[in-house]
Each structure stands twice: as structure tokens, then as C-alpha cells.
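Asks:
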Amino acid sequence: MLLSEITMARLNNCNVLSHFSHAGVDEMADNTCHFGINNMFADNGLSDVESFLYFPADALRITAVIERVFFERGLRFVFSTRSKVPYILKPNSETKFFGDDYKFLPGKDEIIVDGKAGYVVSFGDMLHRSYDAVLRCRQTGLDVGLINKPTLNIVDEQMIMKIGQSPFVLIVESFNQKTGLGSRYGTWLFERQLTLKFGYIGD
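Going by the UniProt record's numbering, the sequence shown opens with residue 1, and the numbers climb by one from there.
1. Any chance you could list the alpha helix (DSSP H) runs of at least 4 consecutive residues sitting entirely within the UniProt domain "Transketolase C-terminal" (107 to 184), in chain order?
2. Give every residue of the same chain whose Cβ lies closer than 8 angstroms to the Cβ of residue 97, excluding the five residues on either side of it in the sequence, and list them in chain order.
3. Look up residue 88 in the DSSP assignment and say whether it is helix, strand or coil.
4. With three or more C-beta pairs closer than 8 angstroms as the rule, is the region 71 to 86 touching the region 10 to 17?
5. Write down the C-beta distance between residue 198 and residue 189 rounded to the nearest angstrom, noting that I regard them as a contact closer than 8 angstroms.
6. What does the alpha-carbon distance come out to for the pair residue 167 and residue 161?
7. Quick one: using the 10 Å Cβ neighbour count with 16 as the cut-off for buried, is residue 149 buried or exposed?
8. By Cβ distance, which residues of its chain are closer than 7 angstroms to residue 55, with the 5 residues on each side in sequence left out?
9. Roughly how far, in whole angstroms, is the beta-carbon of residue 147 from the beta-carbon of residue 101, given that I think they are within contact range, below 8 angstroms?
10. Using a 10 Å radius around the Cβ and a threshold of 16 neighbouring Cβ atoms, would you call residue 3 buried or exposed?
11. If I follow the unbroken beta strand (DSSP E) through residue 76, where does it start and stop?
12. Check each candidate in 118, 183, 201 and 8 and name the one with the smallest Cα separation from residue 163.
Structure below.
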């Protein structure tokens, strides 16, 4: 039924804003969940109606996303989990990364930590876990960076070129590996003739 309604909205050039909780296949606060098996399918329309898939990383971030995209056109899908996630803090600080001065820009990736050894790209509920892993790597001398990709289906050309010129990129997500961001990101790199070491981790 959901796919039918989304398809009809595309065919009729409707503007739709949908929020899907329990996204990803991570353990939820009340149960495990299977809703991340194929969330990227929401972008698989055949018409010219644009689709935008957003997965904010924390509570402040979801507020910024909704305030920015609420009145925009096209099909907008906002994903979240029911589980609590911590605020993303700036490195070596108690300052929230997505604080009062933060403005969300659809389609733009964000540097959480810059690095020279390579990059981890993540989003949503996996961003804070990736952040912890990246900081641990940096403590051992591995200068790895972390990129937040809140708009899942739009290529940030400037950022992908930056990443593509680094030694490696690892996509970390709570979506299914067969249909998630990682499978798409590899294609985006290949299309741009970016041949760095590439890997992805999902469920």
C-alpha cells in the first residue's frame, strides 16, 4: 500500500512529507526492527518528481531538517529510530555540533572531523557510533576523518571529490548492505572515476 501511494503521488506531481520511525535494522528501544531492509527504494520513482531521503543524526538535527524542508516541493522522506541517541559534540568539546547556530542544507554532506588517512561516511543512528570509532583511531595515530551524510540519495559533488582523493572511504550504515547507501556510493565513485579503496558496513 505504501509503494502504491508513493507511486500515485509521483504520477500526480504531489508534494509529500513523510516521517518513518524505526528506520534501519538496529535494535530499537522496544524491539528489534526490520524496517531498514530497503528504505532507499523510496527514491526509485520513474517520473521527474524529485525525492529526498533524510536521516538526521540526533534530536537537534531532526528539528533543523524539518524546519528547513517542511514547505519545500517534491517527495521528502525523513527517517529516524525510536532508540535514544546521544547528541553529536564537536571534537574535544561539550558544544553540540548541531546547536543553535547550525543550519541544515539539503544535499550537502558535513565534515564532523577532517582527516588525511581516509574517511568514514555515515548518517543517522550510526553517526555517533562511527564518531566514537574515528576518535579511537585518531588516538592511535590514524588520522581518519568522519563525514555526515544526512541527505542519503543526493551526491554532494564537492564532498565526493574530496573523499575520492583520499586513500580510502568506508560507508557505515544501519541499512541493508544489499540495498543501502554503500551500494550506491560505490557506483557514484566509479561514475566519477574515483578509484580509492572502498568498503561498506551495514546490516
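All residues carry an ideal CB built from backbone N, CA and C; glycine is no exception.
Replies: Checking against the coordinates, here is how it stands:
1. Listed in chain order, they are 127 to 139 and 157 to 164.
2. Taken in chain order, the residues that qualify are 87, 88, 89, 90 and 112.
3. The answer is coil: DSSP assigns residue 88 none of H, G, I, E or B.
4. Yes: the two stretches touch, three or more of their Cβ pairs being nearer than 8 angstroms.
5. Residue 189 and residue 198 do touch by the CB rule: their CB atoms are close to 6 angstroms apart, below 8 angstroms.
6. Approximately 12 angstroms between the Cα atoms of the pair.
7. Looking at its Cβ environment, which holds 16 or more other Cβ atoms inside 10 Å, residue 149 is buried.
8. Cβ within range, chain order: 23, 79, 123, 124, 150 and 152.
9. That belief does not hold up - the Cβ atoms of residue 147 and residue 101 are roughly 20 angstroms apart, past 8 angstroms.
10. Residue 3 is exposed by the Cβ-count criterion.
11. 75 to 79 is the span of the beta strand (DSSP E), which, as asked, contains residue 76.
12. Looking at the Cα atoms, 118 is the closest of the given residues.
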